[in-house]
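Q: One gets this note's numbering by counting positions in the sequence shown from 1 and adding 123 to each.
One structure, as structure tokens, below. Some questions next.
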Amino acid sequence: MASDTSSSSAALSAVVAGALAAMKSAPTTDALKAALAQALGKKGELSILKASLGKITDADERREFGQLINSATEAITAASNERRSELENVERDAQIGRERLDITELLLAPSATQRQGRMHLVTQSTERLEDVFIGLGFQIAEGPEVESDFYNFEALNMPPSHPARSMWDTLFIDADPQGSVVLRTHTSPVQIRIMQEWPPPIYAIMPGRVFRRDTPDATHMPVFHQIEGLVIDKNITFADLAGTIEAFTQAFFGSDFTSRLRPSYFPFTEPSAEFDIRRPDGTWIELGGCGMVHPSVLQAGGLDPQEWSGFAFGFGIDRMAKERHGVGDLRDMYSNDVRFLGQFT
Ligand code: PHE
124 MASDTSSSSA ALSAVVAGAL AAMKSAPTTD ALKAALAQAL GKKGELSILK ASLGKITDAD
184 ERREFGQLIN SATEAITAAS NERRSELENV ERDAQIGRER LDITELLLAP SATQRQGRMH
244 LVTQSTERLE DVFIGLGFQI AEGPEVESDF YNFEALNMPP SHPARSMWDT LFIDADPQGS
304 VVLRTHTSPV QIRIMQEWPP PIYAIMPGRV FRRDTPDATH MPVFHQIEGL VIDKNITFAD
364 LAGTIEAFTQ AFFGSDFTSR LRPSYFPFTE PSAEFDIRRP DGTWIELGGC GMVHPSVLQA
424 GGLDPQEWSG FAFGFGIDRM AKERHGVGDL RDMYSNDVRF LGQFT
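Next comes the structure, spelled out in structure tokens:
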């Protein structure tokens, strides 16, 4: 009987060695599964050896061989598990590699470059304006788009019922009392807010969105953009205003452009003027309004008119972008048609 057992255990060692080698070298999880079935499956090599257990008559030898089979099963199972996790990692990496999208290819394709976004005309113009004024020593400020009657009108020297209020077709917010809250009709209210907050001297520009009750047409939109300028210092004169407008015109439009001022009226400036710029071909375009800050406005901003003086100006950014890029109709700028917007870089 002893010889039976020893030949069986030799066979078992051979099975284990073969199975372990097969597992170590299994190239895929499928091959590993097959190797495992060959060793441990119902009709596998180990099952056959197990079946021979019954033939061992000596109880001790049978138990001993049974234990050998059990530890062989454990060793083979452990080797299989280890190899499976190795193979799964490799296979997962390969799958990730296969499924990887090479988006650089898309980015480099000319059709994709043409589809890249760009800044809106008005944003481009606003940023250029900001650059020019920063170059002239100005700071940038912003104010709220929903504004109180006080900042939009009253502090700008237009008490309730002042006829000059009708210069702006105002959109009111439903608030109590009626008419106390408006969508700002211009960026001038930010002048007051800055005077109240910043200690003078002040050299600031204030770009932003403004609102008027206007029907859209080629030159009007109910929502558009203005840029306000405010200078407060000692001994500021009208000559400083004219010089600043001229310096800006040449820096923004080019040295072949010039500017002029025409007498006008705004309640918050005295004297007031409209300013136009002259194209190289000799034609003029009206750009905006300006003037010396009215003493009542300085007072509303908390400044002493005996000590401080200043000038202000304001003009439409959309109109300027329209002018600069030869756009025929303002409405095109807001149609969100990428074929139109994509022309301007
Ligand atoms: N706020 C004026 C407007 O919207 C423009 C302006 C600004 C005029 C500053 C004078 C001084 O028409």
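We put the beta carbon where it would ideally sit given N, CA and C, even for glycine.
Within this structure, are the beta carbons of Arg241 and Gly465 separated by less than 9 Å?
A: Here residue 241 is taken as the residue at index 118 of the sequence shown, counted from 1. Here residue 465 is taken as the residue at index 342 of the sequence shown, counted from 1. Contact flag set, yes.
Q: Rounded to whole angstroms, what's the CA-CA distance from Asn275 to His309? Just pull it up for me.
A: In the sequence shown, the residue the question calls residue 275 occupies position 152. In the sequence shown, the residue the question calls residue 309 occupies position 186. Distance between the alpha carbons of Asn275 and His309 is about 8 Å.
Q: Does at least one heavy atom of the ligand PHE sit under 8 Å from the Cβ of His348?
A: Counting from 1 along the sequence shown, the entry for residue 348 is found at position 225. False, no ligand heavy atom lies under 8 Å from that Cβ.
Q: Say the cut is 8 Å; is the CB of Ser311 nearer than that to a heavy atom of the ligand PHE?
A: As a position in the sequence shown, residue 311 is number 188, starting the count at 1. Yes, the Cβ of Ser311 comes within 8 Å of a heavy atom of the ligand PHE.
Q: Quick one: what's got a C-beta closer than 6 Å to Pro403's C-beta in the same chain, skipping five residues either side?
A: If you number the sequence shown from 1, residue 403 lands on position 280. Here the set comprises Asp379.
Q: Using 10 angstroms around the beta-carbon of Thr367, count the other beta-carbons present and answer buried if the total reaches 16, otherwise exposed.
A: In the sequence shown, residue 367 corresponds to position 244, counting from 1. Label assigned to Thr367: buried.
Q: Under 6 Å Cβ to Cβ from Val354, same chain only, skipping five residues before and after it: list those, please.
A: Counting from 1 along the sequence shown, the entry for residue 354 is found at position 231. Closer than 6 Å at Cβ, skipping near neighbours: Tyr326, Gly433, Phe434.
Q: Label Val213 either buried or exposed according to how many other C-beta atoms from any shown protein chain fall within 10 Å of its C-beta, with 16 as the threshold for buried.
A: Here residue 213 refers to the residue found at position 90 when the sequence shown is read from its first residue. Exposed, by the Cβ-count rule.
Q: Please tell me whether, using a cut-off of 8 Å, the distance from the CB of Ser395 to the nearest non-hydrogen atom of the ligand PHE is below it.
A: Counting from one through the sequence shown, the residue named residue 395 turns up at place 272. Correct: Ser395 has its Cβ closer than 8 Å to the ligand PHE.
Q: Which residues mark the beginning and the end of the beta strand (DSSP E) in which Pro502 is found?
A: There is no way to answer for residue 502, as the model of the chain reaches only from 124 to 468.
Q: Can you name, in chain order, every residue of its own chain whose Cβ lies under 8 Å from the Cβ of Leu176, other than the five neighbours on each side?
A: Counting from one through the sequence shown, the residue named residue 176 turns up at place 53. The residues are Arg185, Phe188, Gly189, Ile192.
Q: What are the partner residues of Phe188, as DSSP defines its beta bridges?
A: Here residue 188 corresponds to residue number 65 of the sequence shown, with the count starting at 1. Answer is none; Phe188 lacks a bridge partner.
Q: Looking only at its own chain, which residues have a Cβ that is under 8 Å from the Cβ of Thr249, when we skip the five neighbours before and after it?
A: By 1-based counting over the sequence shown, the position of residue 249 is 126. Excluding residues within five positions, the ones whose Cβ falls inside 8 Å are Pro330, His348, Ile350, Ile440.
Q: Check Glu320 in the structure and name its three-state DSSP category.
A: Along the sequence shown, read from residue 1 onward, the residue named residue 320 stands at position 197. In the structure shown, Glu320 sits in a helix (DSSP, three-state: H, G or I).
Q: Measuring only the C-alpha atoms, how far is Ser458 from Met344?
A: To locate residue 458, count along the sequence shown from 1; it is residue 335. To locate residue 344, count along the sequence shown from 1; it is residue 221. One C-alpha to the other measures close to 12 Å.
Q: Give me the Cα-Cα distance between Ala125 and Leu135, rounded to the nearest whole angstrom.
A: In the sequence shown, the residue the question calls residue 125 occupies position 2. In the sequence shown, the residue the question calls residue 135 occupies position 12. In this prediction, Ala125 has a pLDDT of 47, which is less than 50 and means its spatial position is unreliable; what the coordinates show is noted afterwards. Roughly 15 Å separates the two Cα atoms.
Q: Do Arg206 and Lys147 have their C-beta atoms within less than 9 Å of each other?
A: Residue mapping note: residue 206 aligns to position 83 of the sequence shown, counting from 1. Residue mapping note: residue 147 aligns to position 24 of the sequence shown, counting from 1. Yes, Cβ-Cβ distance for Arg206 and Lys147 is below 9 Å.
Q: In three-state DSSP terms, what is Val313?
A: Taking the first residue of the sequence shown as 1, we reach residue 313 at position 190. It is helical.
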